[in-house]
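Student:
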Amino acid sequence: MKTALFIPCYVDALCPEVGVASWKLLRHLGVDVEYPEKQTCCGQPMAVAGFEAKAKPLAMTFEEKFRGYDYVVAPSVSCAAFVREHYQHLLPPGHECEAAGRTMDIVTFLHDILKIDKPLGKFPYRVSLHNSCHGVRVLGLSSPSEQNIKPFNKMADLLSLVEGIEVVEPERKDECCGFGGMFTIEESAVSKRMGTDKLTRHIQTGAQYITGPDASCLMHLKRIAHGMGADIQFKHIVEILAAGL
Amino acid sequence: MKQLHKDKAREFLRNKDYARWHDETFWSVRSKRDAMASSLPEWETLREKASAIKRHTLTHLDEYLEQFTANAEKNGAIVHWAADAAEFNDIVLGILHEHGVHKLVKSKSMLTEECEMNPFLESKGIEVVETDLGERIIQLKGQKPSHIVMPAIHLNHDDVGELFEEKGISNRKGDHDPTYLTQQARISLRGEFLSADAGMTGANFAVASTGDVVVCTNEGNADMATSCPKLHIVAMGLEKIVPDYDSLAVFHRLLARCGTGQCSTTYTSHFRTARPGASPMHIILVDNGRSSWIGNPDHWESLKCIRCGACMNTCPVYRRSGGYSYSYFIPGPIGINLGMLRDPREHAGNVSACTQCMSCQTACPVKVDLGEQIYRWRQELGNIGKANPFKLALSDGMSLVFGHPGLYKAVTAPFRPFHTVFKHLEK
Numbered sequence: 005m006k007t008a009l010f011i012p013c014y015v016d017a018l019c020p021e022v023g024v025a026s027w028k029l030l031r032h033l034g035v036d037v038e039y040p041e042k043q044t045c046c047g048q049p050m051a052v053a054g055f056e057a058k059a060k061p062l063a064m065t066f067e068e069k070f071r072g073y074d075y076v077v078a079p080s081v082s083c084a085a086f087v088r089e090h091y092q093h094l095l096p097p098g099h100e101c102e103a104a105g106r107t108m109d110i111v112t113f114l115h116d117i118l119k120i121d122k123p124l125g126k127f128p129y130r131v132s133l134h135n136s137c138h139g140v141r142v143l144g145l146s147s148p149s150e151q152n153i154k155p156f157n158k159m160a161d162l163l164s165l166v167e168g169i170e171v172v173e174p175e176r177k178d179e180c181c182g183f184g185g186m187f188t189i190e191e192s193a194v195s196k197r198m199g200t201d202k203l204t205r206h207i208q209t210g211a212q213y214i215t216g217p218d219a220s221c222l223m224h225l226k227r228i229a230h231g232m233g234a235d236i237q238f239k240h241i242v243e244i245l246a247a248g249l
Numbered sequence: 013m014k015q016l017h018k019d020k021a022r023e024f025l026r027n028k029d030y031a032r033w034h035d036e037t038f039w040s041v042r043s044k045r046d047a048m049a050s051s052l053p054e055w056e057t058l059r060e061k062a063s064a065i066k067r068h069t070l071t072h073l074d075e076y077l078e079q080f081t082a083n084a085e086k087n088g089a090i091v092h093w094a095a096d097a098a099e100f101n102d103i104v105l106g107i108l109h110e111h112g113v114h115k116l117v118k119s120k121s122m123l124t125e126e127c128e129m130n131p132f133l134e135s136k137g138i139e140v141v142e143t144d145l146g147e148r149i150i151q152l153k154g155q156k157p158s159h160i161v162m163p164a165i166h167l168n169h170d171d172v173g174e175l176f177e178e179k180g181i182s183n184r185k186g187d188h189d190p191t192y193l194t195q196q197a198r199i200s201l202r203g204e205f206l207s208a209d210a211g212m213t214g215a216n217f218a219v220a221s222t223g224d225v226v227v228c229t230n231e232g233n234a235d236m237a238t239s240c241p242k243l244h245i246v247a248m249g250l251e252k253i254v255p256d257y258d259s260l261a262v263f264h265r266l267l268a269r270c271g272t273g274q275c276s277t278t279y280t281s282h283f284r285t286a287r288p289g290a291s292p293m294h295i296i297l298v299d300n301g302r303s304s305w306i307g308n309p310d311h312w313e314s315l316k317c318i319r320c321g322a323c324m325n326t327c328p329v330y331r332r333s334g335g336y337s338y339s340y341f342i343p344g345p346i347g348i349n350l351g352m353l354r355d356p357r358e359h360a361g362n363v364s365a366c367t368q369c370m371s372c373q374t375a376c377p378v379k380v381d382l383g384e385q386i387y388r389w390r391q392e393l394g395n396i397g398k399a400n401p402f403k404l405a406l407s408d409g410m411s412l413v414f415g416h417p418g419l420y421k422a423v424t425a426p427f428r429p430f431h432t433v434f435k436h437l438e439k
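Following this line, the structure appears as structure tokens:
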């Protein structure tokens, strides 16, 4: 099972520790993982902003770079969702997109493909789980609060393998944090209000940490927490799963 | 372009207490909807069925419209076809003139808002009285609806109390008790119902197999408006048709549950023909763009909408920016999409009001792909000259940097990129 690690641009540039933790975790679990060099961006920010044409060359590069792998795993739900949902129509007509079906976020990979069930490390803290929108409503990491389906949460399942952790969820457990890529720039007032509300609900759980499957949501909340002087820490879910390994 | 959502939203958020109240009010409506959704085990099946029925009906609309018309005429109704808003308004005026109508009472209709019927009729000397309480309040205040189901939700009881005092509807000065104010409105509206020459309703559904027009209200005002005056006019968009009673039952189970968190509206009235002694019922079928929207492969599914308002109640951006931040008369996710269908240049300023969280389409009872459609509208802004120049420049820059790994490496070097750390790990 040949697996490639896709480290999205913003993770690489702004929170490389998330990439490192993903690598460590996958190696610890015995995955035959490679990190193809010269990766950059999947094209999501431009496409969601309304400029798909600027994402097309990146989709072609991605398709080439990750050819031949059984799985392409990313520690980011929004990037994985973008590749899965939009790449097929970004590639030239008649070109069957291989990347779309093989790319997945790391939570799905650990939960559904590797089906890990052995104890991991230790993280003796109360942690508030941030259910990122694309994880919940596009990739199915947890049951959306809008739907009447049997409740599940793959992130909570994985975190239960960590010793000492107490996982809690904020009120309005899967309401958006307001990041939204360039939304946060264009609609900055609403974005900040949403982030402040979300962060407040996370803090109200009494958690010491906020965790989630997407570093972009966490970065947005972190920036707001910094502005408010809030005393709460942030860890991507892979950092917690890899803690102490 | 009338206005940009982002600017209006910034203004809206300046009043923090009001913004919080607005968000919490609509969140509570959403919570009631969630409680309803979770009480029906077949909820997701119902949504799927509702979507399938709408897809089917819209793609066979010609047949169902003909069937509906034939049955309505068999029942004794007079059916009119209006190609656009102007023709609709003219048809209404013609009917009113024919019957010597001076005063028209109305139950709620977003279609008449769309066609700007009230100001048109008023300019022709017809008195128009809204009878849905929320609609009446904003009519007296000279405002437009801020929400499609709860049009006056942006006002509180003090606003309404002061308005009613000013208009002579309530006379106990300073008494802003909601029960008292509602009672005063009721007394005032009774007079309007009894003195009106005609009543107009919208339609939530129209049943092709029977010719029924179905109107759902909580206040019974549609029933008053149709049983006091001797003339009933129905205004309905082409997309309101459902094939039969079995399909109607599916929508009936979803509409109020999604809209207000009730199992059913208090009144669900079927109008088939005029009562004895009254003039024949008139039904005006309005196109006003709809038939061309059905041909739009990317956006036709917006026509499935049953106007429950669930998408706006759940939208985190709507809740924090209010109905008036949107340039189209329908706000929220469905309003962004319908506004773009109506006039993309005019309403492009709403397309930014979405984080792509997809809560709207996950809540939608008929599974309109609202968030995905907004994504697709964004792709079209460049073609109509409405792309945000800053976002375009940023995207150009990102495209350049990300397209060249060497350049990307150089630009991101100060941030200790992962591949540097990775090299270190490999050793």
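Heads up: the protein sequence lines correspond to chains L and Z, in order. Quick note, the first sequence lines up with residues 5 to 249 if you use this note's numbering. Quick note, the second sequence lines up with residues 13 to 439 if you use this note's numbering. All residues carry an ideal CB built from backbone N, CA and C; glycine is no exception. Being a predicted model, the structure only gives us computed values, none of them experimental.
1. So Z:G415 contacts chain L; which residues on that side make the cut at Cβ distance below 8 Å?
2. Just to confirm, is the Cβ distance from Z:K398 to Z:A360 under 8 Å?
3. Would you mind stating whether Z:A94 and Z:I103 have Cβ atoms separated by less than 8 Å?
4. Only counting the same chain, and skipping five residues up and downstream in sequence, which positions put a Cβ closer than 8 Å to that of L:L118?
5. On the CB-based measure, 16 or more other CB atoms within 10 Å of its CB, does L:H134 come out buried or exposed?
6. Grab me the residues of L:E89's own chain with a C-beta within less than 7 Å of its C-beta, minus the 5 sequence neighbours each way, in chain order.
7. Answer with yes or no whether the minimum CB distance from Z:C369 to chain L is below 8 Å.
8. Taking the straight line between their C-alpha atoms, what separation do you get for Z:H169 and L:R106?
9. Whose Cβ in chain L lies nearer than 7 Å to the Cβ of Z:Q391?
10. Just to confirm my understanding: we take Z:M58, look at its own chain, exclude 5 residues before and 5 after, and list those with CB closer than 8 Å. What are they?
11. Which runs of the alpha helix (DSSP H), 4 residues or longer, sit entirely within the stretch 281-321 of chain Z?
12. Quick one: give me the first and last residue of the beta strand (DSSP E) that Z:D224 is part of.
13. Count the other CB atoms, across all protein chains shown, that sit within 10 Å of the CB of Z:T272; report buried if there are 16 or more and exposed otherwise.
14. With DSSP as the reference, identify every bridge partner of Z:H244, one or two as the case may be.
15. Note the first and the last residue of the continuous beta strand (DSSP E) segment covering L:R130.
16. Using 8 Å as the threshold, is the stretch 194-208 of chain L in touch with the stretch 380-388 of chain Z, meaning 3 or more CB pairs across them?
17. Quick check: is the beta carbon of Z:M410 nearer than 8 Å to any beta carbon in chain L?
18. So, Z:G214 versus Z:A247, is the Cβ gap smaller than 8 Å?
19. Since L:K196 is in the alpha helix (DSSP H), which residue starts that stretch and which ends it?
20. May I ask which residues mark the beginning and end of the beta strand (DSSP E) holding L:T107?
21. Counting along the chain, where does the beta strand (DSSP E) carrying L:Q237 start and finish?
22. If you pair each beta-carbon of the stretch 199-218 of chain L with each one of the stretch 160-180 of chain L, do three or more pairs fall below 8 Å?
23. Which of the three DSSP states, helix, strand or coil, is assigned to Z:K185?
24. How long is the line joining the alpha carbons of Z:H17 and Z:R332, rounded to whole angstroms?
25. Applying the 10 Å Cβ sphere with the 16-neighbour rule, what's the burial state of L:F86?
26. Would you mind listing the beta strand (DSSP E) stretches within the stretch 52-126 of chain L that are 3+ residues and don't spill past its ends, in chain order?
27. In the structure shown, what three-state DSSP assignment does Z:F217 receive?
28. Assess, as a yes-or-no matter, whether the stretch 250-262 of chain Z is touched by the stretch 177-191 of chain Z under the definition of 3 or more beta carbon pairs within less than 8 Å.
29. Note down, one range per segment and in chain order, each beta strand (DSSP E) of at least 3 residues found wholly within the stretch 15-102 of chain Z.
30. Using DSSP's beta-bridge definition, name the partner residues of Z:N349.
31. Which residues does DSSP pair with Z:E126 in a beta bridge?
32. How far does the beta strand (DSSP E) with Z:L116 in it extend, from its first residue to its last?
33. Give the straight-line distance between the Cα atoms of L:E21 and Z:G418, rounded to the nearest whole angstrom.
34. Please determine if the stretch 141-158 of chain Z and the stretch 112-128 of chain Z are in contact, where contact requires at least 3 C-beta pairs separated by less than 8 Å.
35. On the criterion of 16 or more Cβ atoms from any shown chain inside 10 Å, does L:W27 qualify as buried, or is it exposed?
36. So, with DSSP's three-state summary, where would you put Z:E174?
Tutor: On the basis of the coordinates in this document:
1. In the second sequence, the residue the question calls residue 415 of chain Z occupies position 403. What Z:G415 touches in chain L: T44, P61, L62 and T65.
2. Start at 1 with the first residue of the second sequence, and residue 398 of chain Z comes out as number 386. Start at 1 with the first residue of the second sequence, and residue 360 of chain Z comes out as number 348. Taking 8 Å as the Cβ cut-off, Z:K398 and Z:A360 qualify as a contacting pair.
3. In the second sequence, residue 94 of chain Z corresponds to position 82, counting from 1. In the second sequence, residue 103 of chain Z corresponds to position 91, counting from 1. Yes; because the gap between Cβ atoms is below 8 Å, this pair is in contact.
4. Residue numbering aside, residue 118 of chain L sits at position 114 when the first sequence is read from its first letter. For L:L118, where only same-chain residues beyond five positions count, the Cβ hits under 8 Å are L33 and V35.
5. Within the first sequence, residue 134 of chain L is the residue found at index 130, counting from 1. L:H134 should be labelled buried.
6. As a working mapping, residue 89 of chain L is identified with position 85 in the first sequence. Correct list, in chain order: V142.
7. Working through the second sequence from its first residue, we reach residue 369 of chain Z at position 357. With 8 Å as the cut-off, Z:C369 counts as an interface residue toward chain L.
8. Numbered from 1 along the second sequence, position 157 holds the residue referred to as residue 169 of chain Z. Numbered from 1 along the first sequence, position 102 holds the residue referred to as residue 106 of chain L. Going from the Cα of Z:H169 to the Cα of L:R106 covers about 56 Å.
9. Here residue 391 of chain Z corresponds to residue number 379 of the second sequence, with the count starting at 1. Result: G54 and E56.
10. Locating residue 58 of chain Z in the second sequence gives position 46, counting from the first residue. Correcting the residue type first, residue 58 of chain Z is Leu in the shown sequence and not Met. Excluding positions up to five away in sequence, the list reads L52, V262, R265, L266 and P377.
11. If only uninterrupted alpha helix (DSSP H) runs of at least 4 residues are considered, those enclosed by the stretch 281-321 of chain Z are 302-305.
12. Within the second sequence, the letter at position 212 stands for residue 224 of chain Z. Where Z:D224 is concerned, the enclosing beta strand (DSSP E) stretches over D224 to T229.
13. Here residue 272 of chain Z is taken as the residue at index 260 of the second sequence, counted from 1. It is buried - the Cβ of Z:T272 has at least 16 other Cβ atoms within 10 Å.
14. The residue you call residue 244 of chain Z lines up with position 232 of the second sequence. In the DSSP output, where bridge partners are listed per residue, Z:H244 has Z:G211.
15. Reading the first sequence from its first residue, position 126 is the one you call residue 130 of chain L. Unbroken beta strand (DSSP E) run through L:R130: R130 to L133.
16. no
17. Taking the first residue of the second sequence as position 1, residue 410 of chain Z is located at position 398. So yes, Z:M410 belongs to the interface.
18. Here residue 214 of chain Z is taken as the residue at index 202 of the second sequence, counted from 1. Here residue 247 of chain Z is taken as the residue at index 235 of the second sequence, counted from 1. Contact flag set, yes.
19. Numbered from 1 along the first sequence, position 192 holds the residue referred to as residue 196 of chain L. Its alpha helix (DSSP H) spans residues S192 to Q208.
20. Against the first sequence, residue 107 of chain L aligns to sequence position 103. Segment T107 to D109, the beta strand (DSSP E) holding L:T107.
21. As a first step, residue 237 of chain L must be located in the first sequence, where it is residue number 233. Following the DSSP letters along the chain, one finds L:Q237 inside the beta strand (DSSP E) bounded by residues Q237 to H240.
22. yes
23. If you number the second sequence from 1, residue 185 of chain Z lands on position 173. Note: Z:K185 maps to coil in three-state DSSP.
24. Walking along the second sequence from the start, residue 17 of chain Z turns up at place 5. Walking along the second sequence from the start, residue 332 of chain Z turns up at place 320. If I take the Cα positions, the gap works out to 12 Å.
25. Along the first sequence, one-based indexing puts residue 86 of chain L at 82. Buried.
26. 75-78 and 107-109
27. Your numbering for residue 217 of chain Z matches position 205 in the second sequence. Strand at Z:F217.
28. Contact fails between the stretch 177-191 of chain Z and the stretch 250-262 of chain Z, because fewer than three Cβ pairs, one in each stretch, are under 8 Å apart.
29. 90-94
30. As a working mapping, residue 349 of chain Z is identified with position 337 in the second sequence. Answer is none; Z:N349 lacks a bridge partner.
31. Here residue 126 of chain Z refers to the residue found at position 114 of the second sequence. None; Z:E126 has no bridge partner.
32. Position 104 of the second sequence holds residue 116 of chain Z. Segment K115 to K118, the beta strand (DSSP E) holding Z:L116.
33. Your numbering for residue 21 of chain L matches position 17 in the first sequence. Your numbering for residue 418 of chain Z matches position 406 in the second sequence. Looking at the two C-alpha atoms, the distance is approximately 22 Å.
34. Between the stretch 141-158 of chain Z and the stretch 112-128 of chain Z, the count of Cβ pairs shorter than 8 Å is three or higher; the stretches touch.
35. For this step, residue 27 of chain L is matched to residue 23 along the first sequence. By the 10 Å Cβ count, L:W27 comes out buried.
36. By one-based count along the second sequence, residue 174 of chain Z stands at place 162. Under the three-state reduction of DSSP, Z:E174 is assigned to helix.
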